[in-house]
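Here is the structure we will look at, set down as C-alpha cells.
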Amino acid sequence: MVGQYIARKVINKMVAKVHSFDSEDDNMFVAVKSMLKKVEDKLPVIQSVIHAAEGKPIKSQVLTNWLNDVKDAAYEADDILDEIEFRELQEQVQESSKMEAFVSSALRFFKKLLVPDGELERLKKLVGNLDEILSLPPLGQLPFLKVLHITGMPALIRIGIEFYGDADPFFPSLEELKFAYLPQLEEWTEAVCMQFLPCLRDLKIYNCRDLRETPIAKLIPSLKQLCLWKCGDIDSDLHQCLQIQTSLVKLELRHYESSASVCLSNLSSLRHLELTSCRELRLDGGIRSLINLKKLNLFESPQLDQLGNLQIVASLSSLQTDESHLNQPQITLGSLPALSELQLEIDHWNVELEEWFQQLVSLEALKFSMNLLQLPTTLATMSIKTLVITNNTTIKSLPDDGLPISLKELHIINCPVLGEQCKKPDGADWRKIAHIPYIFIDNEEITQSASKN
1 MVGQYIARKV INKMVAKVHS FDSEDDNMFV AVKSMLKKVE DKLPVIQSVI HAAEGKPIKS
61 QVLTNWLNDV KDAAYEADDI LDEIEFRELQ EQVQESSKME AFVSSALRFF KKLLVPDGEL
121 ERLKKLVGNL DEILSLPPLG QLPFLKVLHI TGMPALIRIG IEFYGDADPF FPSLEELKFA
181 YLPQLEEWTE AVCMQFLPCL RDLKIYNCRD LRETPIAKLI PSLKQLCLWK CGDIDSDLHQ
241 CLQIQTSLVK LELRHYESSA SVCLSNLSSL RHLELTSCRE LRLDGGIRSL INLKKLNLFE
301 SPQLDQLGNL QIVASLSSLQ TDESHLNQPQ ITLGSLPALS ELQLEIDHWN VELEEWFQQL
361 VSLEALKFSM NLLQLPTTLA TMSIKTLVIT NNTTIKSLPD DGLPISLKEL HIINCPVLGE
421 QCKKPDGADW RKIAHIPYIF IDNEEITQSA SKN
C-alpha cells in the first residue's frame, strides 16, 4: 500500500518536472517528452488502477508484477527527483551526468506505466473492473491534466474532496471535464479554494439521472461549452450557472425532465443552443438577448412558447426543429435573413409553412425527416445546394416541377418508395434529378459518370 501511494505521488512529480524543463531543442529530452505525451493520455486510468489496488489483497500475479515494477521504478525516480531538487537549490542542476540520470530514470518509469491498452483494461478488471469503485482517486493532483472523462462507474454515488487531493491549486490545467453513465451519482461537491477549476472550458454531464447537487454555480465565468443530458433535478444550480457564465458559446440541454425555469439574458456570446426533450423547461425572456446565436435546435420541448419572434435573432444561420414548434402561434418565424441550413422533422406541410418557406432567401441546405406526405410544391423555385430526405415511408414521388436547378447534392436515406423512384436509369423520377452532380441513395453514390462505367 505504501509503495502504491509513493507511485501515485511520483507520477505527479515526474510529470511536473519534465514539463518544467525548457529544453525542447535538447536531444536529451526529446525521448522523455515524447513518452510523456503517451503517458498523459492514460494517466487517469493508471491512477485509478493504482488507487483501486491500494489496501486490497491482490491475488493476480499479473497485477502484482505490474504494481511491483511501478513501485520499484517510482522509488528510483523519487531518489533522482530528490537529488535534482537538492542540486537546483545549489544551482548545480546543469551537471550533465545528473540530467542524464534523470532522463534515464524518467524513461524507465514511464515505460513501466505504458502497458498496452488491452493489458490496462485487464488490470482494471483485476481490481474490480472499476464497477465497484465508490470514490475517485485524487486526480486533481495532476498539474498538467487538460482532459478528463469519468465514465461507466455504476457504484459511484458521491464525488467529494477526495477527487481534488491536497494539491494547491488542484486541476490547474483542466480544460475539459465529462461525467457520463454514472447512474447512482447523487452529489458532486466543490472543494474550498480560491478558484474552482480555473481553466475549465468544456463541461459535459451525461446520463447521471440521480444527480441532485453540483458545483456548477461556483465555477468562475470561463466556460465555453455546457452540455447536460439526462441529469437529475439541478434546477437551482443550472439557473445560477447561466447567470454567471457570460462567455458561454454552446449550451445543450437534452432530456432535462425537471420543470425548471431558466433565463438566457446574460448569454450574449451564445452561438449554439440545443433544447431537446425538455418537456417542462421554460425560458424566461425567450431568446431575444442571444444576439450572436448561429445555430438553434428545438425538439420535443412544448413549454418553449416564450421564444417569441425568431426574426429578432438576425444572426441565426442554422435551425433544426419539429412540427410542435413550427405550429405554435406564439413563435414567429419571420424571414430569418441569414438562415442557410434548415432541418425539419414534420409530418404535414401547410399553406403557412409554404409561405414562410419562400421567405428564406439565403437557404442553401435543407433536410426533411419523419413521414412528410409530400415535399413543398414550390421546392423547384428555391436556390438550395443540398437536399436531404430521411426516414420517410410515405413520399411516393418528387414534385412535378422537379428539384432546383441550383442543387449540387441529393441524399435519400431510408426512404424505400422514393429511393426506388429515383434510381437510374429506370426510376420514374430519375429525369427530375439527372442534372444533380452528386446523388446518394442509402449512402450509395449514384452519379452520371458512375452509371456510364
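If you number the sequence shown the way the UniProt record's numbering does, the last residue is 453 and the count never jumps. Glycine included, C-beta positions come from ideal geometry on N, C-alpha and C.
DSSP lists Ala-180, Trp-229 as the bridge partner or partners of Tyr-206. A Cβ-Cβ contact shorter than 7 Å links Glu-190 with Pro-215. Distance from Cys-278 to Leu-253 at the Cβ level is roughly 5 Å; contact confirmed, criterion being Cβ atoms closer than 8 Å.
Residue state for Glu-420 is assigned as helix, using DSSP reduced to three classes. Membership of Arg-288 in any alpha helix (DSSP H) is not indicated, and neither H nor E is assigned to it by DSSP.
As computed with DSSP, Ala-365 is found in a beta bridge with Glu-341, Thr-386. Using a 10 angstroms sphere on the CB of Asn-350, the tally of other CB atoms stays under 16, which defines it as exposed. DSSP, read as helix, strand or coil, puts Gln-320 in strand. Within the same chain, and ignoring the five residues on either side of Asn-266 in sequence, the residues whose Cβ sits closer than 6 Å to its Cβ are Gln-243, Thr-246.
Counted as a single uninterrupted DSSP element, the alpha helix (DSSP H) harbouring Lys-432 occupies residues 430-433. Excluding its 5 nearest sequence neighbours in each direction, Gly-165 has C-beta neighbours in its own chain below 6 Å: Pro-138, Gly-140, Gln-141, listed in chain order. Leu-275 and Leu-336 have their C-alpha atoms some 19 Å from each other. Rounded to whole angstroms, Ser-369 and Leu-342 show a C-alpha spacing of 11 Å.
Spanning the alpha carbons of Tyr-181 and Ala-155 requires a straight line of approximately 11 Å. Pairing His-435 with Asp-429, the inter-Cα distance amounts to about 12 Å.
Secondary structure at Ser-261: strand, using DSSP grouped into helix, strand and coil. In this structure, Leu-375 sits away from Thr-394, with a CB-CB distance that is not shorter than 7 Å.
One Cα belongs to Leu-223, the other to Arg-282, and the distance between them is close to 22 Å. With a 10 Å radius around the Cβ and a threshold of 16 neighbouring Cβ atoms, Lys-432 comes out buried. Ser-340 is not a Cβ neighbour of Ser-315, given a cutoff of 7 Å. Around the beta carbon of Tyr-256, 16 or more other beta carbons sit within 10 angstroms, so the residue counts as buried. In the three-state scheme derived from DSSP, where H, G and I count as helix and E and B as strand, His-255 is classed as coil. Residues of the same chain with a CB within less than 7 Å of the CB of Pro-302, apart from the 5 flanking positions on each side, are Arg-279, Ser-324 in chain order. By the Cβ-count criterion, Asn-392 is buried, with 16 or more other Cβ atoms from all chains shown falling within 10 Å of its own Cβ. Between Tyr-438 and Glu-445 the beta-carbon gap is near 7 Å, inside 8 Å, which marks them as a contact. Take Lys-385, set aside five residues on each side of it, and the residues of its chain with a beta-carbon closer than 8 Å to its own are Glu-364, Ala-365, Ser-406, Leu-407, Lys-408, Glu-409, in chain order. In this chain, the alpha helix (DSSP H) harbouring Glu-354 covers 351-357.
In the displayed model, Glu-274 falls within a strand according to three-state DSSP. One alpha carbon belongs to Met-153, the other to Leu-238, and they sit about 24 Å apart.
For Leu-326, the CB contacts under 8 Å within the same chain, skipping 5 residues up- and downstream, are Leu-333, Leu-344, Ile-346, Leu-353 in chain order.
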